[in-house]
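*Asks:* The structure that follows is given in the form of structure tokens.
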Amino acid sequence: MHPHPAPSGHLLPEGEGQFQRDCAILDSYGLDAMKWQEHLQCVECTGSMVRDDYRCSQCGVRYDRASTGAPILMTAEDRQRFQVLLSQDAGSHMQAEYSGRLKRNWARRLYPPEPVYVNPAAPPLPVAKRGLNLWIGGGGLELPGFVNIDVAPVRGVDIVANASKLPFQSDSCHGVACLALLEHVEDPERVVAEIHRVLRPDGEVQVVVPFCHPYHAYPADYSRFSRERLAGLFAGFHDVEIGIRTGPTTTMLTFLTYYLKLILPVHGGNSLHRNFNRLIVGALGWAMFPLKYLDVWLNRLPTAHVLANHFYVVARKWKSAGTHAEGEPGD
Ligand SMILES: [Zn+2]
Numbered sequence: 004m005h006p007h008p009a010p011s012g013h014l015l016p017e018g019e020g021q022f023q024r025d026c027a028i029l030d031s032y033g034l035d036a037m038k039w040q041e042h043l044q045c046v047e048c049t050g051s052m053v054r055d056d057y058r059c060s061q062c063g064v065r066y067d068r069a070s071t072g073a074p075i076l077m078t079a080e081d082r083q084r085f086q087v088l089l090s091q092d093a094g095s096h097m098q099a100e101y102s103g104r105l106k107r108n109w110a111r112r113l114y115p116p117e118p119v120y121v122n123p124a125a126p127p128l129p130v131a132k133r134g135l136n137l138w139i140g141g142g143g144l145e146l147p148g149f150v151n152i153d154v155a156p157v158r159g160v161d162i163v164a165n166a167s168k169l170p171f172q173s174d175s176c177h178g179v180a181c182l183a184l185l186e187h188v189e190d191p192e193r194v195v196a197e198i199h200r201v202l203r204p205d206g207e208v209q210v211v212v213p214f215c216h217p218y219h220a221y222p223a224d225y226s227r228f229s230r231e232r233l234a235g236l237f238a239g240f241h242d243v244e245i246g247i248r249t250g251p252t253t254t255m256l257t258f259l260t261y262y263l264k265l266i267l268p269v270h271g272g273n274s275l276h277r278n279f280n281r282l283i284v285g286a287l288g289w290a291m292f293p294l295k296y297l298d299v300w301l302n303r304l305p306t307a308h309v310l311a312n313h314f315y316v317v318a319r320k321w322k323s324a325g326t327h328a329e330g331e332p333g334d
């Protein structure tokens, strides 16, 4: 039994097949570092960056690289702030888990399936468009063709940066994916404004956020989003679609799972207790998970949103007349 379901962990399984299919048709910047470097800008002064050097041509700031090789494109102030956040318990747990996702663990096969049914009406995981695609808050998961941006320099992260100060030029990105991230930032309005800024006219953003979901610190947890809040957040976009990604039964089973782990902790304590608890929680998990298919029916009810577990948003940036010719993507 996984002690702390990842905020975006449930986003992955249903998309994995899709991942593999998409890998074959990729033609985007995620695989070509040289291309995305062209669109970087200095987060201190918005000046352009010297290629291959991560140095600002305007203010002269030189950016370090993490041990993974990923450039740390944060302001000095942000770097200090996130270092503090990540060194706390939740932060180190998050980094360990992100790194752990990339390893194989045989014991994991005994874990019950996550009690999560993804609404087939929700869009599948975003597919990279030709051009520059950003995955904000991707952590240890890789989305083919996307430049993976996160605050922690774990494996798979291409750029260490703050989502509310993206190191990319305005109107430079064709697509942005931001899955289970906005609840982890202090100011989601500012992050959405940044996404809007870096998107090219008619560029698409896909977002997933929790509504009825337990607290989970990655490395902190600030908000939940109702449909009205989302409509307000994306008011500056067009073709905005908001819907249920995971519904009422997923909500109930997720809360029940967290509740069981509160009573029967699967972490800490002595190993006998811990393993006993894991057995019970795991067995109950196996017994409960088929109930998730009730959402096949419940997600269709007009009132299902009152207990929605996660909402999705798909939206496009307006084509602003005059500022950008509607050229070929990738030019
Ligand atoms: Zn600069």
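Numbering (our numbering), first residue to last: 4 to 334.
Just so it is clear, CB atoms sit at the ideal spot from N, CA and C, and this is done for glycine as well.
1. With a CB to CB cut of under 7 Å and the five nearest residues on each side skipped, what residues in its chain are close to T253?
2. Under the rule that 16 or more other beta-carbon atoms within 10 Å means buried, what is I266, buried or exposed?
3. Helix, strand or coil: how does DSSP classify H219 here?
4. Quick one: grab the DSSP three-state call for F314.
5. In terms of DSSP beta bridges, what is V150 paired with?
6. Any heavy atom of ligand 1 closer than 7 Å to the Cβ of Q61?
7. Using a Cβ-Cβ cut-off of 8 Å (strictly less than) and excluding sequence neighbours within five positions of F292, which residues of its own chain qualify?
8. Using 8 Å as the threshold, is the C-beta distance between P222 and Q91 below it?
9. What residue from V157, L113, A318 has the CA that sits closest to P74's CA?
10. With DSSP as the reference, label N165 as helix, strand or coil.
11. Find out if the Cβ-Cβ distance for the pair F237, F214 is shorter than 8 Å.
12. I'd like the list of long-range same chain contacts for V243, defined as Cβ closer than 6 Å, with 5 residues on each side in sequence excluded.
13. Going by CA-CA distance only, name the one from G148, A164, P147, E145 that's closest to V154.
14. Would you say G140 and A166 are within 8 Å of each other, going by their C-beta atoms?
15. Look at the alpha carbon of Q209 and the alpha carbon of I152, and state the distance between them as a whole number of angstroms.
16. Ordered along the chain, which non-local residues of its own chain (more than five positions away) have a Cβ less than 7 Å from that of G239?
17. Extract the residue ranges of the beta strand (DSSP E) inside the segment 228-275, only unbroken runs of 3 or more that lie entirely within it.
18. What does the alpha-carbon distance come out to for the pair F314 and G246?
19. Rounded to whole angstroms, what is the Cα-Cα separation between R82 and D67?
20. With a threshold of 6 Å on Cβ separation, who are the neighbours of R24 within its own chain once the five nearest residues in sequence on each side are excluded?
21. What are the start and end residues of the alpha helix (DSSP H) that includes L301?
22. State yes or no: is the C-beta of V64 nearer than 7 Å to some heavy atom of ligand 1?
23. Would you be able to state if there are at least three C-beta pairs under 8 Å between the segment 191-198 and the segment 142-149?
24. With which residues is P213 paired in a DSSP beta bridge?
25. Relative to ligand 1, is the shortest distance from any of its heavy atoms to the C-beta of E80 smaller than 7 Å?
26. Mind reading off the beta-carbon distance from F171 to H276? Whole number of angstroms is fine, and I expect it under 8 Å.
*Replies:* On the basis of the data shown:
1. Reading the sequence shown from its first residue, position 250 is the one you call residue 253. The residues P118, V119, Y120, K295, D298, N312, in chain order, have a CB closer than 7 Å to that of T253 in the same chain once the five nearest residues on each side in sequence are set aside.
2. In the sequence shown, counting from the first residue as 1, residue 266 sits at position 263. By the beta-carbon neighbour count (other beta carbons within 10 angstroms, threshold 16), I266 is exposed.
3. Here residue 219 is taken as the residue at index 216 of the sequence shown, counted from 1. In the three-state reduction of the DSSP assignment, H219 falls in the coil class, being assigned neither a helical nor a strand state.
4. Here residue 314 is taken as the residue at index 311 of the sequence shown, counted from 1. F314: strand per DSSP, three-state reduction.
5. Start at 1 with the first residue of the sequence shown, and residue 150 comes out as number 147. Answer is L137, bridged to V150.
6. Within the sequence shown, numbered from 1, the residue matching residue 61 stands at position 58. Here the distance from the Cβ of Q61 to the nearest heavy atom of ligand 1 is below 7 Å.
7. Along the sequence shown, one-based indexing puts residue 292 at 289. By the criterion of a C-beta distance shorter than 8 Å, F292 is surrounded in its chain by P115, P116, E117, P118, L256, once the five residues flanking it on both sides are discounted.
8. In the sequence shown, the residue the question calls residue 222 occupies position 219. In the sequence shown, the residue the question calls residue 91 occupies position 88. Yes; because the gap between Cβ atoms is below 8 Å, this pair is in contact.
9. In the sequence shown, residue 74 corresponds to position 71, counting from 1. Checked all of V157, L113, A318; the closest Cα to P74 is V157.
10. Reading the sequence shown from its first residue, position 162 is the one you call residue 165. For N165, the secondary structure class from DSSP, reduced to helix, strand or coil, is strand.
11. Position 234 of the sequence shown, counted from the start, is the residue given in the question as residue 237. Position 211 of the sequence shown, counted from the start, is the residue given in the question as residue 214. 8 Å or more divides the Cβ of F237 from the Cβ of F214.
12. Reading the sequence shown from its first residue, position 240 is the one you call residue 243. Within its own chain, the residues whose Cβ lies closer than 6 Å to the Cβ of V243, once the five positions on either side in sequence are excluded, are F237, A318, listed in chain order.
13. Position 151 of the sequence shown, counted from the start, is the residue given in the question as residue 154. Its Cα nearest to that of V154, the residue A164 stands out among G148, A164, P147, E145.
14. Taking the first residue of the sequence shown as position 1, residue 140 is located at position 137. Taking the first residue of the sequence shown as position 1, residue 166 is located at position 163. For G140 and A166, yes; Cβs fall inside 8 Å.
15. As a position in the sequence shown, residue 209 is number 206, starting the count at 1. As a position in the sequence shown, residue 152 is number 149, starting the count at 1. Going from the Cα of Q209 to the Cα of I152 covers about 15 Å.
16. For the purposes of this step, residue 239 is identified with residue 236 of the sequence shown, where counting begins at 1. Spatial neighbours of G239 in its own chain (CB-CB distance under 7 Å, excluding positions within 5 residues in sequence) are listed in chain order as H199.
17. Counting only runs of 3 or more, we get 241-249.
18. Taking the sequence shown and counting its residues from 1, the one referred to as residue 314 is at position 311. Taking the sequence shown and counting its residues from 1, the one referred to as residue 246 is at position 243. When only Cα atoms are considered, F314 and G246 end up about 5 Å apart.
19. The residue you call residue 82 lines up with position 79 of the sequence shown. The residue you call residue 67 lines up with position 64 of the sequence shown. Approximately 11 Å between the Cα atoms of the pair.
20. Mapped onto the sequence shown, residue 24 falls at position 21. Bear in mind that the predicted position of R24 carries a pLDDT of just 37, short of 50, making it too unreliable to give a figure here.
21. Residue 301 sits at position 298 when you count from the first residue of the sequence shown. 298-301 is the extent of the alpha helix (DSSP H) around L301.
22. Taking the first residue of the sequence shown as position 1, residue 64 is located at position 61. At least one heavy atom of ligand 1 is nearer than 7 Å to the Cβ of V64, so yes.
23. Touching, no, given that fewer than three Cβ pairs across the two stretches are closer than 8 Å.
24. In the sequence shown, the residue the question calls residue 213 occupies position 210. For P213, the beta-bridge partners assigned by DSSP are H313.
25. Along the sequence shown, read from residue 1 onward, the residue named residue 80 stands at position 77. If you check the C-beta of E80 against ligand 1, you find no heavy atom less than 7 Å away.
26. Sequence index remark: in the sequence shown, residue 171 carries index 168 (1-based). Sequence index remark: in the sequence shown, residue 276 carries index 273 (1-based). Rounded, the Cβ-Cβ distance is 49 Å, inconsistent with contact.
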